[in-house]
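Asker:
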Amino acid sequence: SLSTLVNTDDVFSFGKYNPDSDIESLDELTEEPIDEQEVFEHPISLGALAVVSLPDILIEPSLPSIPDSPLRTVTVLITPTISHCSLATVIGLGVRVRLEQSLPSRFRVDVRIKEGTHSTADEVNKQLADKERVAAALENGTLMGVIGKMLETCK
Amino acid sequence: MEQIHKITLLSDLTPPSLERTWLSAPHPTLPLLATCSADKTVRVYSLTNFRLLSTISGGHKRSVRSAAWKPNTKENVLATGSFDATVGIWRNDEQEDEDEGDGQDRDPEEGWAFSVLLDGHDSEVKSVSWSSSGSLLATCSRDKSIWIWEDLEDGDNNFETVAVMQEHGGDVKCVSWHPVEECLASGSYDDTIRLWREDVDDWGQVACLRGHAGTVWCVDWEGEGGGSTTTTTIPAGGNSSQISAWKEKHARSARLVSCSDDRTVRIWRRQPKDHHQQYRPSDVPSIIRPTGLEEHWDEEAVLPTAHDLSIYTVAWSKASGRIASVGADGRIVVYEEQFTTSSDDPLQTTWTVIDSLPGAHGIYEINHVAWAKRADRGKQADEEVLITTADDGSVKVWLV
Chain A
53 SLSTLVNTDD
63 VFSFGKYNPD
73 SDIESLDELT
83 EEPIDEQEVF
93 EHPISLGALA
103 VVSLPDILIE
113 PSLPSIPDSP
123 LRTVTVLITP
133 TISHCSLATV
143 IGLGVRVRLE
153 QSLPSRFRVD
163 VRIKEGTHST
173 ADEVNKQLAD
183 KERVAAALEN
193 GTLMGVIGKM
203 LETCK
Chain B
1467 MEQIHKITLL
1477 SDLTPPSLER
1487 TWLSAPHPTL
1497 PLLATCSADK
1507 TVRVYSLTNF
1517 RLLSTISGGH
1527 KRSVRSAAWK
1537 PNTKENVLAT
1547 GSFDATVGIW
1557 RNDEQEDEDE
1567 GDGQDRDPEE
1577 GWAFSVLLDG
1587 HDSEVKSVSW
1597 SSSGSLLATC
1607 SRDKSIWIWE
1617 DLEDGDNNFE
1627 TVAVMQEHGG
1637 DVKCVSWHPV
1647 EECLASGSYD
1657 DTIRLWREDV
1667 DDWGQVACLR
1677 GHAGTVWCVD
1687 WEGEGGGSTT
1697 TTTIPAGGNS
1707 SQISAWKEKH
1717 ARSARLVSCS
1727 DDRTVRIWRR
1737 QPKDHHQQYR
1747 PSDVPSIIRP
1757 TGLEEHWDEE
1767 AVLPTAHDLS
1777 IYTVAWSKAS
1787 GRIASVGADG
1797 RIVVYEEQFT
1807 TSSDDPLQTT
1817 WTVIDSLPGA
1827 HGIYEINHVA
1837 WAKRADRGKQ
1847 ADEEVLITTA
1857 DDGSVKVWLV
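Respectively, the protein sequence lines represent chains A and B.
Residue 200 in the numbering used here sits at position 148 of the first sequence, with consecutive numbering throughout.
Residue 1487 in the numbering used here sits at position 21 of the second sequence, with consecutive numbering throughout.
Spelled out as structure tokens, the structure:
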């Protein structure tokens, strides 16, 4: 089973923040080395786990009331492998970060859990939609390292 | 057909940050603006010529999220809140030129010195706000807490922690002091707005406002009479008896505006104490809070729907009484309050959208909006400008 690598309540940073030392937060992360290995040395890639499937990706105008607006919203629905998957938020964050880094600025990224596939979907969706939390996560080197590793097979 | 807009561009601030800029804080009295950027710096611009005066760097290790000028002081003191979990206090000993700070010959770092780092929050600091007297600084964070610090003003840069409030159930996104009273409002990821006051020696929650169906990104107070010293802004279209009744009602209450991820802007009114007590059952002894500091607040209005996506900032003009809002859809919306003619209650008002400008920063999200006194050469008496701040780092100054 997938153990808790990250507490869903505090997923966008690991424990007490210490801006002076990324080493300290690394220490906190490696306190549970087994989890990390379980997750990231999982033999099956995210792609093979069918976390995202093609019919669950939508591209729509962001502002339907303004027909000539160039803004488009890319919606990606994620299907966790099990309904209590504790990594749903990190996986979702990874998808959001990858899309934001690859798409032009006129795209708004909306990553959500597919309805009925996760026990705490609302909570996860709220975190993934929070621009400020996502921005702060991008500045967290440790978390970005975890996400980079997770997306290694998704080139 | 091209729509004619009431909101028109006056100028961009140059040169801008090239990274996401979160907020722009106008100085309370001088024509200065401080902007907070993801590049970890604060830029100070002149509102006289819209050019960069100083870049303050080296204090924060991550994005600067928020900034506020200390009011009621002769020095220039700026508080900043950062994703690095700290709050910085900066001082500028040299007086900026009020009228013709052309910024040309200035060393960009000149004058600004970092005086103290307030350490206490466990994670990103989201917002900072000074009380009107300038003696109290409120800060809030993703750690769900609000801290109140007292500037001891002992010449030694000492700040004392006065209170730590942890009632919010999620990130505290914003804090804002009442324009006169020592009453603090906060908005949160837990979808609530809370109000805080000091009771003898303890700071505590005096109200919790529910109504928003998503994160409350920002709250702002209406300009407040608070006695006879300042004038209350009056809705448009009133006759003399409506205006005097309005002033009387306002002297005994207060209003707050809030905006949310739920795409609504709401107005809340504090009910006068005596009115509230009439409805309190007298046979129930109040054990929990014997001094009865609790306040009764009502949702007074939901402004007309004007945004398609999250609304990040709402700003209530202390001069005109107009409200402006901005958000992820890239619009600037300005609302105005008017007396309703067709109501039994002579003090009934309605809010209308006087302009909605889409794509104000092109394809970029607008993170912040603020009202400021116009200070460039074209100014007319008491004219105001709107200042908007966007994801691409651009900061624009608008006339309405």
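Note that beta-carbon positions come from the ideal geometry of N, C-alpha and C, so glycine has one too.
Using a cut-off of 7 Å between C-beta atoms, extract the partners of A/Pro122 located in chain B.
Answerer: In chain order: Ile1829.
Asker: So B/Ile1733 is in the beta strand (DSSP E); what residue range does that whole segment cover?
Answerer: Val1731 to Arg1736 is the span of the beta strand (DSSP E), which, as asked, contains B/Ile1733.
Asker: Roughly how many whole angstroms lie between the Cα atoms of B/Thr1815 and A/Ala189?
Answerer: The straight-line gap from Cα to Cα measures roughly 43 Å.
Asker: Only counting the same chain, and skipping five residues up and downstream in sequence, which positions put a Cβ closer than 6 Å to that of B/Lys1527?
Answerer: Here the set comprises Asp1550.
Asker: Examine chain A for any beta-carbon lying closer than 8 Å to the beta-carbon of B/Glu1590, and answer yes or no.
Answerer: Chain A contact via Cβ: present.
Asker: In terms of alpha-carbon separation, which member of B/Asp1637, B/Cys1684, B/His1716 and B/Gly1703 lies closest to B/Asp1609?
Answerer: Minimum Cα distance to B/Asp1609 is reached at B/Asp1637.
Asker: When DSSP labels each residue in this structure, what does B/Asp1573 get in the three-state scheme?
Answerer: At B/Asp1573, the pLDDT of 48 sits below 50, so the modelled position is not reliable and the matter cannot be decided from this model.
Asker: B/Gly1844: buried (16+ other C-beta within 10 angstroms of its C-beta) or exposed?
Answerer: Flag for B/Gly1844 reads exposed.
Asker: If distances are taken between C-alpha atoms only, which option among A/Ser117, A/Ser138, A/Leu151 and A/Ile130 comes closest to A/Gly168?
Answerer: When each option's Cα is compared against that of A/Gly168, the closest is A/Ile130.
Asker: Does B/Ser1808 come out as helix, strand or coil in the three-state DSSP assignment?
Answerer: Coil.
Asker: If you follow the alpha helix (DSSP H) that A/Gly193 is part of, which residue opens it and which one closes it?
Answerer: Looking at the DSSP string, the run of the alpha helix (DSSP H) that includes A/Gly193 is Gly193 to Met202.
Asker: What in chain B is Cβ-close to A/Ser117, meaning under 7 Å?
Answerer: The contacting residues are Asp1774.
Asker: Should the region 137-152 of chain A be called in touch with the region 105-114 of chain A, which here means at least 3 C-beta pairs below 8 Å?
Answerer: Too few Cβ pairs lie closer than 8 Å, so no.
Asker: Could I get the ranges of all uninterrupted beta strand (DSSP E) runs contained in the region 1805-1854 of chain B, with 3 residues as the minimum, in chain order?
Answerer: Qualifying beta strand (DSSP E) stretches, in chain order: 1815-1823 and 1832-1839.
Asker: Within the same chain, show all residues whose beta-carbon is closer than 6 Å to that of B/Glu1760, passing over the 5 residues directly before and after it, in chain order.
Answerer: Val1672, listed in sequence order.
Asker: Would you report the Cα separation of B/Leu1603 and B/Thr1807, rounded to the nearest angstrom?
Answerer: Cα to Cα, the separation comes out at about 43 Å.
Asker: Taking a cut of 8 Å between CB atoms, which residues from the region 132-157 of chain A lie near chain B?
Answerer: If the cut-off is 8 Å between Cβ atoms, the region 132-157 of chain A has Ser157 near chain B.
Asker: So with CB distances below 7 Å, who are the chain A contacts of B/Asp1478?
Answerer: Those within 7 Å of B/Asp1478 in chain A number zero; the least Cβ separation is about 18 Å.
Asker: Is the beta carbon of A/Ile199 less than 8 Å from the beta carbon of A/Gly146?
Answerer: Result yes, Cβ atoms of A/Ile199 and A/Gly146 sit closer than 8 Å.
Asker: With a Cβ-Cβ cutoff of 8 Å, do B/Thr1658 and B/Cys1674 count as a contact?
Answerer: In this structure, B/Cys1674 lies closer than 8 Å to B/Thr1658 by Cβ.
Asker: Excluding the 5 residues preceding and the 5 following B/Ala1785 in the sequence, name in chain order all residues of the same chain whose CB lies nearer than 8 Å to its CB.
Answerer: The residues are Gly1689, Thr1699, Trp1837, Lys1839, Asp1848 and Glu1850.
Asker: In chain order, what residues of the region 172-199 of chain A put their CB closer than 8 Å to some CB of chain B?
Answerer: Residues Lys178, Ala181, Asp182, Lys183, Glu184, Arg185, Ala187, Ala188 and Glu191.
Asker: Is there a C-beta anywhere in chain A that falls below 8 Å from the one on B/Thr1681?
Answerer: Yes, B/Thr1681 counts as interfacial toward chain A.
Asker: Indicate whether at least one CB of chain A lies closer than 8 Å to the CB of B/Leu1484.
Answerer: Chain A, which has no Cβ nearer than 8 Å to the Cβ of B/Leu1484, makes this no.
Asker: Could you please tell me which residues of the region 1816-1846 of chain B, in chain order, have their CB closer than 9 Å to any CB of chain A?
Answerer: From the region 1816-1846 of chain B, only Pro1824, Gly1825, Gly1828, Ile1829, Tyr1830, Glu1831 and Asn1833 have a Cβ closer than 9 Å to chain A.
Asker: Using three-state DSSP, classify A/Ile143 as helix, strand or coil.
Answerer: Correct three-state label for A/Ile143: helix.
Asker: Please name the residue, chosen from B/Glu1619, B/Gly1635 and B/Gly1704, that lies closest to B/Glu1541 on a Cα-to-Cα basis.
Answerer: That would be B/Glu1619, whose Cα lies nearest to the Cα of B/Glu1541.
Asker: Do B/Trp1578 and B/Ser1532 have their beta-carbon atoms positioned less than 8 Å apart in this structure?
Answerer: Contact: no.
Asker: Going along chain A, which residues have a C-beta under 7 Å from B/Phe1549?
Answerer: Within chain A, the residues near B/Phe1549 are Ala188 and Glu191.
Asker: Closest Cβ-Cβ distance between B/Gln1744 and chain A: below 8 Å?
Answerer: Its pLDDT being 43, under 50, B/Gln1744 is placed unreliably in this model, and the value from its coordinates should be taken loosely. Output row for B/Gln1744: interface = no.
Asker: Can you name the start and end residues of the beta strand (DSSP E) that A/Arg185 belongs to?
Answerer: Segment Lys183 to Leu190 is the alpha helix (DSSP H) holding A/Arg185; no beta strand (DSSP E) there.
Asker: To the nearest angstrom, how far is it from the Cα of B/Ala1499 to the Cα of B/Thr1514?
Answerer: Here the sequence assigns Leu to residue 1499 of chain B, which means Ala is not the residue at that position. So the two alpha carbons sit approximately 10 Å from each other.
Asker: Rounding to the nearest angstrom, what Cα-Cα distance links B/Ser1866 and B/Glu1803 in this structure?
Answerer: Checking the displayed sequence, the identity of residue 1866 of chain B turns out to be Val instead of Ser. Approximately 15 Å between the Cα atoms of the pair.
Asker: Enumerate in chain order the residues of its own chain whose CB-to-CB distance from B/Ser1719 is below 7 Å, with the five nearest sequence positions on each side excluded.
Answerer: Arg1735, Arg1736, Gln1737 and Pro1738, listed in sequence order.
Asker: Would you say B/Asp1857 and B/Arg1557 are within 8 Å of each other, going by their C-beta atoms?
Answerer: Not closer than 8 Å, so no.
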